Structure formats: structure tokens, C-alpha cells
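Since the structure comes first, as C-alpha cells, the remarks are kept for the end.
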Amino acid sequence: MTSTEKLGVLFLNLGGPDSPKAIRPFLMNLFSDPDIFRLPISWLMQKPLAWYIVTSRIEEVIENYEKIGGRSPILPLTQAQGHALEDRLGLDGVDAKVYIAMRYWNPMTDEAVQQMMADGVTHLVVLPLYPQYSYSTTGSSLNELDRVMALRNYFPKMTTVESFYKLPLYQSAIAETIQDGLNDHQSDWSCPREEVLILFSAHSLPKKFVEKTGDPYPDQIRETIELIMSNYFPNNNWELCYQSKVGNMPWLGPDTDGILHYFAATHVENILIVPISFVSDHIETLFEIDQLYLPLAKDLGIPQCHRTRGLNSDPKFIDALAHLVKSALRNDLKLDIEASPATPLEVASNP
Numbered sequence: 046m047t048s049t050e051k052l053g054v055l056f057l058n059l060g061g062p063d064s065p066k067a068i069r070p071f072l073m074n075l076f077s078d079p080d081i082f083r084l085p086i087s088w089l090m091q092k093p094l095a096w097y098i099v100t101s102r103i104e105e106v107i108e109n110y111e112k113i114g115g116r117s118p119i120l121p122l123t124q125a126q127g128h129a130l131e132d133r134l135g136l137d138g139v140d141a142k143v144y145i146a147m148r149y150w151n152p153m154t155d156e157a158v159q160q161m162m163a164d165g166v167t168h169l170v171v172l173p174l175y176p177q178y179s180y181s182t183t184g185s186s187l188n189e190l191d192r193v194m195a196l197r198n199y200f201p202k203m204t205t206v207e208s209f210y211k212l213p214l215y216q217s218a219i220a221e222t223i224q225d226g227l228n229d230h231q232s233d234w235s236c237p238r239e240e241v242l243i244l245f246s247a248h249s250l251p252k253k254f255v256e257k258t259g260d261p262y263p264d265q266i267r268e269t270i271e272l273i274m275s276n277y278f279p280n281n282n283w284e285l286c287y288q289s290k291v292g293n294m295p296w297l298g299p300d301t302d303g304i305l306h307y308f309a310a311t312h313v314e315n316i317l318i319v320p321i322s323f324v325s326d327h328i329e330t331l332f333e334i335d336q337l338y339l340p341l342a343k344d345l346g347i348p349q350c351h352r353t354r355g356l357n358s359d360p361k362f363i364d365a366l367a368h369l370v371k372s373a374l375r376n377d378l379k380l381d382i383e384a385s386p387a388t389p390l391e392v393a394s395n396p
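Going by this note's numbering, the sequence shown wraps up at 396, each residue one higher than the last.
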């Protein structure tokens with residue numbers, strides 16, 4: 046990168062309603078996305094289908110958001126991650142400004158692109174905050190970015206990080222949240238820590254979507270878990286489940302609700318839930334896991350069921366993001382992600 050170039054880092058994320066009034070338009074944007082709901086004549090059916098889904102769910106969704114303060118925390122948490130990344134890159138002499146493009150609510154992609162143009166950004170690292178690639182998340186966000194850039198005739202030098210689940214620094218950050226969860230509840234477990242079941246909960250997708258698109262997301266989720274568990278917690282049993290299903294069509298499973306019923310029936314007494322496809326807290330963690338699944342586990346008679354903290358602005362996670370940006374600038378992104386050794390935890394995983 047030359048001294049005359051201006052570096053920008055663009056976070057791509059889902060977005061979330063910033064007020065109760067924003068919930069309906071946020072959901073309309075989400076369910077109108079043809080990259081998620083692929084219909085034979087989408088130009089004709091997309092909006093009516095979105096309206097039907099949103100109308101049937103709006104009261105429940107509003108109530109759910111009310112239970113976490115009436116708004117999504119995803120924007121302030123993403124902004125905090127951006128500020129932390131700018132500071133971290135600055136320590137290495139990298140002068141970069143982080144921009145945020147949310148897919149379904151403000152600040153949306155066009156706003157971010159216009160801001161980068163106004164700031165004169167000439168070199169852009171696109172960094173979706175989705176560790177695993179899915180056509181419904183990273184793919185949709187990149188498609189929207191391409192559309193907006195073409196519309197605005199804005200074509201900076203650009204490097205895109207499509208996934209980073211193989212990055213050891215990311216895996217280490219997740220492992221540290223597990224380690225902290227085991228430590229924080231040390232006096233609660235009725236078994237040694239290496240016997241606590243680690244339950245990874247990922248956002249689900251419709252099975253038909255995965256099969257039709259060949260989406261790599263479920264395979265990458267499982268590979269993420271296998272890498273973390275083999276490197277850091279080889280003695281603990283683990284399971285993968287999926288949450289956030291919408292509607293009656295078959296989705297990836299087993300679902301989190303169902304697997305908790307199974308564990309209760311098989312007398313599993315110690316569970317640590319890890320939200321694996323999320324890099325910050327939002328309604329899926331603060332409401333679904335904290336206010337639905339943890340109380341459900343207790344009601345089912347599972348004595349100890351707890352959740353790990355979100356990554357949010359965890360220093361190790363910010364280090365991982367900085368590593369990705371610097372690797373992108375060196376043009377060795379893929380090699381650097383896959384060839385790095387595992388990063389040891391400061392405290393042994395299973396003392």
C-alpha cells in the first residue's frame with residue numbers, strides 16, 4: 046500500500062432494529078431478500094411473501110425485543126468492535142478507518158459506500174463479521190455491496206475476507222470464552238470440567254436452501270467446532286444444535302429446544318452453551334438463549350446449564366480481525382489463515 050492510498054475496512058453485518066418502530070421495516074427488508082428466499086418468480090412474489098411472514102410474526106417479535114430493551118444491540122456493539130480494531134491496527138502503524146454496512150437496517154450499504162467515497166478511500170478491506178460463509182449472510186451482503194458500488198461507480202482497490210473460521214486467533218478467542226465459562230461456574234458443576242458437555246448453538250437455515258445452493262455453512266460450522274475442541278478441549282464431549290428457526294419447513298437440526306429435551310431425558314446434568322456463529326450479542330443470545338433455553342433447561346431438570354459470553358470487543362477477537370486486515374494488505378490472506386498454528390490459551394483447558 047502506497048503513502049497516497051487511504052485505507053478503509055468495511056464491516057458487513059446483519060443489522061437490527063434500533064427502535065420498536067424499526068422492527069417491521071427491518072423484518073420486511075430481511076424477508077424480501079432474494080438471496081435468502083429464492084422464489085421462481087421472485088419479482089412478483091417476494092414482497093407479498095415478506096408481508097405475510099412479517100404480519101404473522103410481528104407481535105411476537107416486538108414482544109421479544111421488548112425483553113432486551115426494545116432494540117437490537119448489534120449496531121453499538123459493532124461500532125465498538127470497529128473502534129477497537131482501529132486502535133489495534135494503529136498500534137502496528139496501520140492507519141485505517143472502519144465503516145459499517147448493515148444488510149437489513151441502518152447504516153445500510155449505500156450509506157457506507159457514500160461515506161467511503163466522501164472520505165476518499167482508495168484501498169478497501171471488506172470484512173464480513175460472519176466467521177463461516179453462507180450465501181444467506183456473507184453472500185447476500187457481498188451481492189448488495191457489488192450492486193451499490195456499481196450504482197455509485199465506485200471501484201477502489203479491494204480485498205475481501207469471505208470467511209475466517211480457520212483462523213487460529215479466532216478459534217482461540219472462542220476457546221477462551223469456553224474456558225472462562227468453565228471457570229466462572231467452577232463451583233456449580235457437579236462433575237470435573239472435562240466432563241461438562243459443550244453445546245454449540247448456531248443460527249439455522251432451511252434445509253431446502255442448503256441443499257439447493259450447496260451452501261458450505263453447515264460444514265464450516267462443524268469444522269469450526271472440531272478444530273476448537275480437538276485443539277483446546279479434547280476431553281470434553283460436545284454437540285451441535287441450531288436455533289432461530291422460522292416457519293414450518295424443515296431447517297438444519299437438531300434444534301436447541303429439542304436437544305435440551307433429549308439431554309434432560311438422558312440425565313445430562315452439566316451443559317455450557319456456546320453461540321458459535323455469532324461474534325456479538327443480539328436477540329439470538331440475549332433473548333433466545335438467555336431467556337428461552339436456559340430457563341427451559343432448568344424447567345426440564347438439568348441442574349447446570351450456562352452460556353459463554355459473546356465475543357463482542359474481546360481483545361483476542363480484535364487481534365484476530367487485525368490479523369485478517371494485515372494479511373489482506375500483504376496479499377497472503379488465504380495462506381495466512383490456514384497455515385497459522387493453534388494459539389495456546391493462557392490457562393490450560395483441562396487442568
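Using N, Cα and C, we set each Cβ at its ideal position, and we do this for glycine too.
Owing to the predicted nature of the structure, the values given are computational and were not obtained by experimental measurement.
- Put simply, the segment 139–149 does not touch the segment 333–349. Fewer than three CB pairs are less than 8 Å apart.
- Considering only 107, 344, 258 and 218, the residue with the shortest C-alpha distance to residue 360 is 218.
- In the displayed model, residue 258 falls within a helix according to three-state DSSP.
- Taking the Cα positions, residue 374 is about 13 Å away from residue 137.
- Here the C-alpha atom of residue 307 lies approximately 22 Å from the C-alpha atom of residue 252.
- Going by C-alpha positions, residue 277 is about 36 Å away from residue 114.
- Considering only 176, 243 and 169, the residue with the shortest C-alpha distance to residue 370 is 169.
- Boundaries of the alpha helix (DSSP H) around residue 73: 68–76.
- Secondary structure of residue 209 (DSSP, three-state): coil.
- Two segments are said to touch when three or more pairs of C-beta atoms, one from each, lie closer than 8 Å; by this definition the segment 346–363 does not touch the segment 190–199.
- For residue 128, there is no enclosing beta strand (DSSP E); the enclosing alpha helix (DSSP H) has its first and last residue at 119–136.
- In the structure shown, residue 234 falls within a coil segment according to DSSP collapsed to helix, strand and coil.
- When the Cα atoms are used, residue 268 and residue 305 turn out to be separated by approximately 22 Å.
- Exposed is the label assigned to residue 291, since fewer than 16 other Cβ atoms lie within 10 Å of its Cβ.
- Under the 10 Å beta carbon count, residue 231 is surrounded by fewer than 16 other beta carbons and is classified as exposed.
- For residue 316, the uninterrupted beta strand (DSSP E) segment begins and ends at 315–320.
- When DSSP reads this structure, residue 245 sits in a beta bridge with 285 and 319.
- Of the candidates 257, 177 and 239, the residue whose Cα lies closest to the Cα of residue 283 is 239.
- For the pair residue 250 and residue 297, the CB atoms are nearer than the 8 Å cut-off.
- Annotated as proximal: residue 176 and residue 209, with beta-carbon spacing under 8 Å.
- The segment 116–124 makes contact with the segment 56–69: 3 or more CB pairs, one atom from each, lie closer than 8 Å.
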